[in-house]
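Input: a single structure, listed below in structure tokens.
2 protein chains.
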Amino acid sequence: MALRFSITMSLDGYMAGPNPSRDEPLGKGGEDLHQWAFQASAWQEEHGGSGGTEGVDSQVVRANLEGIGAYLMGRNMFGGGIPGGGEGEWDESWRGWWGENPPYHVPVFVLTHHPRESLEMEGGTVFHFVDASPHEALDLARQAAGDLDVRIGGGPATVRDFLVADLVDFLHVVQVPILLGRGVRLWDGLEGIEERFAVETVSSPSGVAHVTFTRR
Amino acid sequence: MALRFSITMSLDGYMAGPNPSRDEPLGKGGEDLHQWAFQASAWQEEHGGSGGTEGVDSQVVRANLEGIGAYLMGRNMFGGGIPGGGEGEWDESWRGWWGENPPYHVPVFVLTHHPRESLEMEGGTVFHFVDASPHEALDLARQAAGDLDVRIGGGPATVRDFLVADLVDFLHVVQVPILLGRGVRLWDGLEGIEERFAVETVSSPSGVAHVTFTRR
Numbered sequence: 001m002a003l004r005f006s007i008t009m010s011l012d013g014y015m016a017g018p019n020p021s022r023d024e025p026l027g028k029g030g031e032d033l034h035q036w037a038f039q040a041s042a043w044q045e046e047h048g049g050s051g052g053t054e055g056v057d058s059q060v061v062r063a064n065l066e067g068i069g070a071y072l073m074g075r076n077m078f079g080g081g082i083p084g085g086g087e088g089e090w091d092e093s094w095r096g097w098w099g100e101n102p103p104y105h106v107p108v109f110v111l112t113h114h115p116r117e118s119l120e121m122e123g124g125t126v127f128h129f130v131d132a133s134p135h136e137a138l139d140l141a142r143q144a145a146g147d148l149d150v151r152i153g154g155g156p157a158t159v160r161d162f163l164v165a166d167l168v169d170f171l172h173v174v175q176v177p178i179l180l181g182r183g184v185r186l187w188d189g190l191e192g193i194e195e196r197f198a199v200e201t202v203s204s205p206s207g208v209a210h211v212t213f214t215r216r
Numbered sequence: 217m218a219l220r221f222s223i224t225m226s227l228d229g230y231m232a233g234p235n236p237s238r239d240e241p242l243g244k245g246g247e248d249l250h251q252w253a254f255q256a257s258a259w260q261e262e263h264g265g266s267g268g269t270e271g272v273d274s275q276v277v278r279a280n281l282e283g284i285g286a287y288l289m290g291r292n293m294f295g296g297g298i299p300g301g302g303e304g305e306w307d308e309s310w311r312g313w314w315g316e317n318p319p320y321h322v323p324v325f326v327l328t329h330h331p332r333e334s335l336e337m338e339g340g341t342v343f344h345f346v347d348a349s350p351h352e353a354l355d356l357a358r359q360a361a362g363d364l365d366v367r368i369g370g371g372p373a374t375v376r377d378f379l380v381a382d383l384v385d386f387l388h389v390v391q392v393p394i395l396l397g398r399g400v401r402l403w404d405g406l407e408g409i410e411e412r413f414a415v416e417t418v419s420s421p422s423g424v425a426h427v428t429f430t431r432r
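Quick note, the sequences are listed as chains V and Z, same order.
Here my numbering is used: the first residue of the first sequence is 1, the next is one more, and so on.
Here my numbering is used: the first residue of the second sequence is 217, the next is one more, and so on.
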């Protein structure tokens with residue numbers, strides 16, 4: 001029943017590069033952030049590939065995928081940068097970035113001021129579009145998740161809203177030693193939140209550091 | 217003969233908190249950044265204390281202190297926030313933050329547009345005040361250092377100037393899992409510099425991650 005999330009960020013604190021587009025949904029340089037995961041066997045398995053390493057990175061990827069009964073997501077993550085996807089009235093032909101079989105396989109609650117009909121995808125993913133506060137959206141997601149956890153899928157603004165509302169029980173930050181220089185930051189305005197958490201850091205041979213925050 | 221430096225920063229990328237003053241030279245919250253070092257036995261030894269732990273943090277502190285023949289330092293680090301210390305004409309009664317026996321014990325070249333007479337302190341530290349470009353200042357420091365390395369003592373603007381000029385051979389970043397929210401950032405405008413370095417990350421039980429950049 002915990003609310004948790006996992007994010008990857010550059011050493012200078014960016015979760016995505018500048019100028020996200022249909023071709024580069026993570027912005028310029030943003031995909032480099034996630035190389036650590038692409039090399040992990042758990043990520044390859046999940047995405048229909050094979051190979052990869054079975055070390056701490058892979059174990060972390062696997063832990064992040066397990067035990068999730070519902071997701072929360074900001075509208076900008078569902079369609080940011082796409083006309084009729086990221087803001088304003090919907091272009092209802094936009095069904096997310098992930099094709100007809102998205103990697104969620106559970107209900108996903110997309111926060112938006114423009115509700116639309118739910119989208120039932122293949123593989124168990126159902127996108128629900130709700131105009132709700134973080135508290136209200138979390139209640140909906142918890143009901144859908146049953147005994148399992150709720151995970152925030154992103155993006156940064158949504159993650160920040162839930163952190164500010166003090167609703168997050170566990171967060172996992174992957175710190176990647178690259179410098180993007182510009183882009184989307186998570187942290188601004190969150191000073192001192194570490195005091196609410198027990199913090200651990202574990203480095204990986206891939207060069208990333210996994211920093212976990214567990215609610216005290 | 218390498219040029220190197222070591223800095224500590226918060227998870228949100230700040231090297232010091234906001235509003236540095238005579239009482240809080242590292243700004244609000246800035247001293248929290250350095251708890252990892254205060255707990256290390258090498259730091260305690262260096263500062264006349266005792267005790268502390270002898271793990272990776274202490275080994276890193278010791279390595280950072282060894283083999284240094286000269287320091288480079290920005291004027292703001294020498295006297296920032298002090299009237300007549302940090303900018304403009306000098307108040308020559310200001311002799312730095314560190315008392316009469318500063319923890320350098322070698323020549324320290326302070327970059328300033330307002331040269332003044334050198335200050336010979338106790339314990340081998342001599343502050344030289346030079347109006348020079350990064351290249352010129354490094355030449356001076358290298359001559360003084362002989363076969364030993366030159367270390368940049370700080371602060372952020374000076375570190376950045378030397379990184380931009382591509383003069384740095386080794387940098388050590390201590391990433392501390394706290395969020396300062398505001399303050400002095402190092403990274404802005406340095407995107408992609410990791411490509412010039414081999415990067416390694418090692419975590420410590422203290423919760424910090426040591427990220428090292430070694431010139432390729």
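C-beta: ideal position from N, C-alpha, C; glycine also.
Please read all numbers here as calculations on a predicted model, not as lab measurements.
Which term fits R22 of chain V, buried or exposed, when burial requires 16 or more other beta carbons within 10 angstroms of its beta carbon? exposed
For F378 of chain Z, the residue or residues it bridges with in DSSP: DSSP output for F378 of chain Z lists no bridge partner at all.
Please check if any C-beta of chain V sits within less than 7 Å of the C-beta of T269 of chain Z. no
What do you get for R116 of chain V, buried or exposed, if any count of 16 or more other CB atoms within 10 angstroms of its CB means buried? exposed
Taking three-plus beta-carbon pairs below 8 Å as touching, is the region 80-96 of chain V in contact with the region 21-39 of chain V? yes
Taking the alpha-carbon positions, what's the A16 of chain V to L354 of chain Z distance? 36 Å
Spatially closest choice to G207 of chain V from V:L33, V:G123 and V:G192, by CA coordinates: V:L33
Of all the residues that make up the region 163-176 of chain V, which are near chain Z by a beta-carbon distance shorter than 8 Å? V173 and Q175
DSSP beta-bridge partners for A414 of chain Z? Z:T430
What would DSSP say about Q175 of chain V, mapped onto helix, strand or coil? strand
Inspect the CB distances between the region 34-43 of chain V and the region 201-216 of chain V and report whether three or more fall short of 8 Å. yes
So who's on the other strand from F129 of chain V, going by DSSP bridges? V:V110
Work out the CA separation of L186 of chain V and G226 of chain V for me, nearest whole Å. Nothing about residue 226 of chain V can be read from this structure; chain V reaches only from 1 to 216.
Under the assumption that L227 of chain Z contacts P372 of chain Z (Cβ atoms under 8 Å), give the Cβ distance between them as a whole number of angstroms. Contact flag wrong, Cβ pair sits at about 16 Å.
What are the boundary residues of the alpha helix (DSSP H) that L167 of chain V is part of? L167 of chain V -> no alpha helix (DSSP H), and no H or E assigned at all.
Compare the C-beta of D12 of chain V with all C-beta atoms of chain Z and state if any pair is closer than 7 Å. yes
Cβ-based neighbour list, E416 of chain Z, same chain, cut-off 7 Å, excluding 5 preceding and 5 following: T428
Can you tell me which of Z:V418, Z:S419, Z:S420 and Z:E410 puts its alpha carbon nearest to the alpha carbon of R431 of chain Z? Z:E410
Helix, strand or coil, according to DSSP, for L354 of chain Z in the structure here? helix
Closer than 7 Å by beta-carbon distance: list the chain Z residues that pair up with T201 of chain V, in chain order. P393, S419, G423, V424 and A425
Contact defined as beta carbons within less than 8 Å: I believe R367 of chain Z pairs with L406 of chain Z. What is the distance between those atoms, to the nearest angstrom? Their Cβ separation, rounded to whole angstroms, is 19 Å, which puts R367 of chain Z and L406 of chain Z out of contact at 8 Å.
Measuring CA to CA, which of Z:A286, Z:R398, Z:L379 and Z:E308 is closest to G246 of chain Z? Z:R398
Taking 7 Å as the threshold (C-beta atoms), are D365 of chain Z and G283 of chain Z in contact? yes
Distance between beta carbons of A40 of chain V and A144 of chain V, contact taken as under 8 Å: Not really, about 28 Å apart at Cβ, beyond 8 Å.
Quick one: what's got a C-beta closer than 6 Å to M434 of chain Z's C-beta in the same chain, skipping five residues either side? An answer regarding residue 434 of chain Z cannot be provided, because it is not within the stretch 217 to 432 covered by chain Z.
L190 of chain V touches chain Z at which residues, Cβ-Cβ below 9 Å? D228, L395 and G397
Give a yes or no on whether the C-beta atoms belonging to S420 of chain Z and V324 of chain Z are separated by under 7 Å. no
Hey, could you find the ends of the beta strand (DSSP E) L3 of chain V is sitting in? L3 to S10
May I ask you to report which of helix, strand or coil DSSP gives M293 of chain Z? helix
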